[in-house]
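For the sequence shown, full-length UniProt numbering assigns the number 1 to the initial residue and increments by one for each residue that follows.
Structure, as C-alpha cells:
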Amino acid sequence: MNIKNYHKKIFTWYEGETSTSELFNGRLHLIDHADYGKASANLTSIRESDQGWYHCQIIFPNRTPSARNNGGSLIKIPPINQTLMEGQTAFFHCVMKYPDTSMASWYKDGVLLQDIPDLMRRSYMGPHGSLSIDPTMMSDYGEYECQVRNNENKAKVIYAPPEVYLPYGQPAVLDCHFRANPPLKNLRWEKDGLLFDSYNVPGVFYKMNGSLFFSKVDENYAGSYTCTPFNELGTDGPSPVINVIVLRPPIFTVTPKAIYIQKLGETVELPCQAIDRDGSNHPSIDWKRKLTRVNIADHGEEASKLLCGESIVPTDAAVVVVKYPTLQWNCIRFISNVGFFEN
C-alpha cells in the first residue's frame, strides 16, 4: 500500500514493514481499529503544510495488472475483472458520480469501442456509463477501460499580473483570478516560497473569494506571491509569481512659495518638483485650481512642472497634487495663493 500527497509517496506498507517520508515521520501510522479498513491511516500533529489531496493506492506486486483505479473523482463504481463462458453476458460497472455533466467512453486494448464495429453491435452502454456485451465471443477477450470526462474542470488560475503595487499605509487587496467549476473549496497562498496563512499575519484577512485583504500596507508585505485554487476535482496548479511592490508616497523637493504678488497681466511662475522615496519610480504632478485640472505641459523624467499664468486674474489660485499613474495620495498637497494689485 502507498499513500501519496501531491503525487509524492509519503507512506508505504509492504509485508508488515512500513516506511514514512521525513516530513511525516512519527505522525503517520496505520490504524488498528475494527470500524476502519485494514489500510486506514492516522495523521497526528497536523501542520499547515499537511493540507492538500491524499491518494491511497493498493498494489499487488504478483498480479497483472498490479493496481487498479478505484474510481477517482469522477467514477463512483469502477469496473472489475470478468471471467465468463462464451455466449454469456459480460457486464462492466462504470457508474459516474456526475452523470448529468459527464461522458463515459469505453476502450478495448486501447482502442475505442466505436472503432470495433463487430463488438459495438453487441454492446450497450447504460445511462450511467456501465457496459454490457451480449452475447460474448472468444474475440472479446482483452482489457477493457472506462474513461470519464467531465465538462467541469479542476480549479485553474486564468490571470496573474507580474507586478502589483500596494500603497504604503493604506488598505489594499491582492486578487487571485481563477476559474472553478465545481466551485472553489480552498485557496492556498504562498509568499517567497512559504505558506502564507493570513490567520498568522496581523492585519491580513481572507475575503470570501480567496483574495488577500491588507488592512494597512507596510514593507513586510512586499515579496513574491503565488496562489493555488482548489475545487472538488483538484487544482490545475499555482499561479505565476506575482511580485508585490510596496510604494511609499512621493515627496516634494521644490515647492512654490506660499504667496505671490504680481501685477495684473504679468507672468507668474510656480516651480514644483517631486521624487520617489526610493528613486526607482518617477511620480507625475498634476496642478489643479479650485479642484479644476489645469492644462499643463507634458511630464518630464524629473517630474517637474511649472504653472505659468500669462495674464494673472483674481481667480488664479492653485493646489498641487503629486500622484503615480495608478496610485494617488490626496494628503500630499501644497497650496499657493496668487495675489494681485492694480497699477
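We treat Cβ as the ideally placed atom computed from N, Cα and C, and that holds for glycine.
Where residue i sits in the DSSP three-state scheme
i	result
Phe334	Reliability fails at Phe334, whose pLDDT of 41 lies under 50, so the model's placement of it is uncertain and the value that follows must be treated cautiously. Three-state DSSP puts Phe334 in a strand.
Asn153	strand
Arg179	strand
Ser198	helix
Asn42	strand
Asn209	coil
Leu233	coil
Phe24	helix
Asp50	helix
Tyr221	helix
residue 344	Because the chain in this structure spans residues 1 to 343, residue 344 falls outside the shown range and cannot be described.
Lys288	strand
Straight-line Cα distance separating residue j from residue i
i	j	result
Pro271	Lys288	14 Å
Arg248	Phe214	15 Å
Asp134	Leu84	11 Å
Gly16	Phe24	19 Å
Val148	Gln88	26 Å
His128	Met96	6 Å
Glu269	Ile251	20 Å
Thr12	Ile58	10 Å
Tyr54	Gln273	59 Å
Leu166	Val111	55 Å
Leu184	Cys176	12 Å
Val217	Pro202	11 Å
Met138	Leu194	58 Å
Ala317	Leu174	A caution first: Ala317 carries a pLDDT of 45, below 50, which makes its placement in the model too unreliable to give a value.
Thr136	Asn62	29 Å
Ile158	Asp236	10 Å
Lys9	Asp118	43 Å
Ser49	Ser105	37 Å
Beta-carbon spacing of residue i, residue j below 7 Å
i	j	result
Thr253	Ile285	no
residue 402	Glu163	Outside the shown range of the chain (1 to 343) lies residue 402, about which nothing can therefore be said.
Asp192	Gly234	no
Ser239	Ala160	yes
Phe178	Trp189	no
Tyr98	Glu145	no
Phe91	Ser132	yes
Own chain partners of residue i with C-beta closer than 7 Å, once the 5 adjacent residues on each side are dropped
i	result
Ala180	Ala155, Pro229 and Asn231
Tyr221	Leu166, Phe214, Val244 and Val246
Met208	none
Own chain, CB closer than 6 Å to residue i, minus 5 neighbours either side, in chain order
i	result
Ser45	Arg27
Ser40	Ile31
Glu143	Asp109
CB contact below 7 Å: residue i versus chain B
i	result
Cys56	Of the chains in the structure shown, none is chain B; there is only one protein chain.
Beta-carbon contacts of residue i that lie in its chain and below 8 Å, excluding the five residues immediately before and after
i	result
His93	Ile77, Pro78, Pro79, Ile80 and Ser130
Gln114	Met120
request  = Identify every run of the alpha helix (DSSP H) within the segment 105 to 161, keeping only runs that are complete inside it and at least 4 residues long; order them along the chain.
outcome  = The segment 105 to 161 contains these whole alpha helix (DSSP H) runs: 117 to 121.
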